[in-house]
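Residue numbering for the sequence shown is 7 to 201, as defined by our numbering. Ideal Cβ placement from N, Cα and C applies to all residues, glycine included. Single-structure report; data block below.
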Amino acid sequence: MKLVQNISKERLNEISEIIGQAFVTNNLFTEFGTIEERRELVLKYMKAYVTSVYESKALYQSDDNQAFIGLSFSDKKVIIPQLKLLFSLVKIIPFKINKRFLKFIKEIKNEDTTYTKTTYIEVLMVCVSKQIQGKGRARELVDFAKKMAKSRNVPLLFDTDMKEYSDMYQHFGCELYHKKTSSNNITRYNLVWNP
């Protein structure tokens with residue numbers, strides 16, 4: 007695994023496309039419409055998100071460039087890429103959809119601060135390209151994140167809107183510590199791994 011840095015705009019676009027395609031079916035984007043209706047919007051959203059993660063120096067990739075993880079260190083927050091992301095999303099997401107989306111995000115916000123009162127590492131995303139899914143690569147990404155957390159002796163936090171991913175993270179040794187369901191019946195699962 008290596009930090010993604012000093013890459014061309016074209017390569018960043020390729021990475022964004024791989025990650026975007028993987029997130030089209032994610033429950034987070036239910037407010038954007040059916041899977042086909044939301045595909046283009048999710049790809050634009052994820053391009054802005056991946057760019058923000060990259061500019062925050064928080065994007066890591068496997069040696070074969072097919073698996074990606076975003077890791078944010080609570081004691082090393084980077085503000086400018088996050089502000090750029092917010093402005094990008096305001097332009098990308100139509101107002102009517104954005105209003106529903108923000109309501110949904112507010113409803114599923116994790117209010118349990120058990121692990122966020124001190125230093126922690128947050129997993130921003132885990133993505134394995136379609137060509138190599140089902141080959142244990144998600145575990146490799148999670149193991150990499152665990153090593154980072156262990157080296158700093160801090161909790162590793164995950165959140166997901168997909169029950170199957172919550173189950174997978176629990177299978178990898180994480181603990182479900184909070185869950186919350188929104189008015190549109192999407193559940194946000196918050197998990198932790200402690201070294």
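Under DSSP, residue 79 takes part in a beta bridge, and its partners are 127. Taking a C-beta distance under 7 Å as the contact criterion, residue 191 and residue 183 do not qualify as a contact pair.
Taking all protein chains in view, the Cβ of residue 187 is surrounded by fewer than 16 other Cβ atoms within 10 Å, so the residue is classified as exposed. Closest in alpha carbon position to residue 8, among 76, 41, 90, is 76. Secondary structure note for residue 198: its beta strand (DSSP E) is the uninterrupted segment 193-199. Under DSSP, the beta-bridge partners assigned to residue 65 are 76.
Taking the Cα of residue 201 as reference, the smallest distance to any Cα among 163, 140, 62 is reached at 163. Assignment of beta strand (DSSP E) within the region 78-163, counting only whole runs of 3 or more residues, yields 127-134 in chain order.
Secondary structure of residue 187 (DSSP, three-state): strand. Beta-bridge annotation (DSSP): residue 49 is not paired with any residue. The Cβ atoms of residue 40 and residue 81 do not sit closer than 7 Å to each other. Segment contact: the region 55-68 against the region 97-115, fewer than three CB-CB distances shorter than 8 Å; contact not assigned.
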